[in-house]
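Numbering (full-length UniProt numbering), first residue to last: 1 to 404.
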């Protein structure tokens, strides 16, 4: 597994929330202030009752690892009694010191570094207070909130939300694409925190127009022809919104301006507009029967399906100004083909695609200042995503929580 993860999140000054442009100024399009998307507008910290990937599983050992998900501060630590990774609210109830700064004083516990309040990793119960003696009367009367944690795909998934009456969370598989849990695969990935709100990152991923222009300077695109413009519609299937291309235009004459084309003599023929179109797709990918190659689903997962591999992105809210950007490149192969893909990922794809290519996306997400906004025809992908959220039974994470 290749990794690049950090949870040192510098807090930058919040951009002031802007309303409609004052007069005099350009006219403001109806709905450009997001009033049409009230749920979406409130969701700067994402949604509750979902599982989110945090860090790579191999990064969590005895040493506590702090993460922030949907504004909630969590400390991850591996229980030396069972080998399981546990999640606790990263705050000692005594004086508010982060437990991620604590010590592993006794098996299966974590101790606050300030006064030695010691918590059981499994249930968060205060098991001992080192500076108050073995008969401390506060033991058993205080606990730290815990978070359900599971390991999948080499990642640590943390559940943010409400538990059932018996104290359990829904299966983590509900928030992982089915093809990733039901098939043998090999993957490479990158995991980092980027500037910008998670909604801008998700919209960028599903955006219809930007790849054709923003990324035409990317090295990943050096030998790949991309259209100049498309006519696109959005279809919904099994909770996914899928971009379907009805028309593909490789170049165009713009009246009074000139001709624009992404064609170059050295660029090979383009990939099909859906992964199974040419009949050469990997059987798992062909079996998905996707009408388009880009799709998105809640709580913020992008899937870009090529004939032989699929690229996934998770947009995990950290706080209002930062997003955890988890990228996975997956091939459904075993043996020599899997080994060859792993070598290719480490040698080229990691820095070409998960590095330089998506760094262009990070640049746009960081500098974007919206709303207000003026939308155009290809933005039907954005409005479909926003409407999908408005129509879904989502619970907005409205404030930074402190556990369950």
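For every residue, glycine included, the Cβ atom is placed at its ideal position computed from N, Cα and C. Nothing here was measured: the structure is a model prediction, and the numbers come from that model.
query: Would a check of beta-carbon distances place residue 370 closer than 9 Å to chain D?; result: Absence of chain D from the displayed structure is noted, only one protein chain being present.
query: Within this structure, are the beta carbons of residue 150 and residue 317 separated by less than 9 Å?; result: no
query: Apart from the five residues on each side of it in sequence, which residues of its chain come closer than 8 Å, Cβ to Cβ, to residue 240?; result: 295, 296, 297 and 303
query: To the nearest angstrom, report how far apart residue 28 and residue 356 are at their CA atoms.; result: Bear in mind that the predicted position of residue 28 carries a pLDDT of just 46, short of 50, making it too unreliable to give a figure here.
query: Does the beta-carbon of residue 250 have 16 or more other beta-carbons within 10 angstroms, so that it is buried, or is it exposed?; result: exposed
query: Tell me the rounded alpha-carbon separation between residue 313 and residue 52.; result: 12 Å
query: Assign residue 159 to one of two classes, buried (16 or more other C-beta atoms within 10 Å of its C-beta) or exposed (fewer than that).; result: buried
query: Among 96, 179 and 153, which residue has its Cα nearest to the Cα of residue 144?; result: 96
query: Nearest to residue 86 by alpha carbon, out of 290, 100 and 93?; result: 100
query: Can you give the beta carbon distance from residue 89 to residue 161, rounded, assuming they're within the 8 Å contact cut?; result: About 14 Å separates the two Cβ atoms, so there is no contact after all.
query: What first and last residue would you give for the beta strand (DSSP E) that runs through residue 230?; result: 229–237
query: So who's on the other strand from residue 309, going by DSSP bridges?; result: Answer is none; residue 309 lacks a bridge partner.
query: Using only CA atoms, which one of 212, 112, 37 and 285 lies nearest to residue 64?; result: 112
query: For residue 245 versus residue 280, is the C-beta spacing smaller than 9 Å?; result: no
query: Can residue 67 and residue 78 be called in contact, C-beta distance under 9 Å?; result: no
query: Does the count of Cβ pairs from the segment 316–333 and the segment 169–187 closer than 8 Å reach three?; result: yes
query: Which two residues bound the contiguous alpha helix (DSSP H) that contains residue 37?; result: First-last for residue 37: undefined, no H or E at that position.
query: Looking at residue 326: is its Cβ nearer than 9 Å to the Cβ of residue 196?; result: no
query: Helix, strand or coil for residue 326 per DSSP?; result: strand
query: For the segment 387–401 and the segment 250–259, state whether three or more C-beta atom pairs, one from each stretch, are separated by less than 8 Å.; result: no
query: Roughly how many angstroms separate the alpha carbons of residue 367 and residue 378, rounded to a whole number?; result: 20 Å
query: Across which residues does DSSP place residue 407 in a beta bridge pair?; result: Residue coverage of the chain in this structure runs from 1 to 404, which leaves residue 407 outside it and unanswerable.
query: Pull up the distance between the alpha-carbon of residue 359 and that of residue 122, whole angstroms please.; result: 39 Å
query: Buried or exposed, going by whether 16 or more other CB atoms sit within 10 Å of the CB of residue 93?; result: buried
query: Between the Cα of residue 285 and the Cα atoms of 262, 292, 169 and 309, which residue gives the shortest distance?; result: 309
query: How long is the line joining the alpha carbons of residue 75 and residue 324, rounded to whole angstroms?; result: 16 Å
query: By DSSP, does residue 155 sit in helix, in strand, or in coil?; result: strand
query: Indicate whether residue 203 and residue 375 have their beta-carbon atoms separated by less than 9 Å.; result: no
query: Which whole-angstrom value describes the C-beta separation of residue 315 and residue 201, a residue pair presumed to lie in contact below a C-beta threshold of 8 Å?; result: 4 Å
query: In chain order, what residues of the same chain have a beta carbon less than 6 Å from the beta carbon of residue 131, not counting five sequence neighbours either side?; result: 115 and 116
query: In its own chain, which residues sit with a C-beta less than 8 Å from the C-beta of residue 259, not counting the 5 before and 5 after it?; result: 251, 252 and 253
query: From the DSSP output, in three-state form, read off residue 58 for me.; result: helix
query: Let me know the secondary structure DSSP gives residue 115 once reduced to three states.; result: coil
query: What residues match up with residue 259 in a beta bridge as DSSP calls it?; result: 253
query: So what does residue 120 bridge to, in DSSP terms?; result: 109
query: Please return the same chain residues whose Cβ sits closer than 6 Å to the Cβ of residue 319, not counting the five positions on each side in sequence.; result: 71
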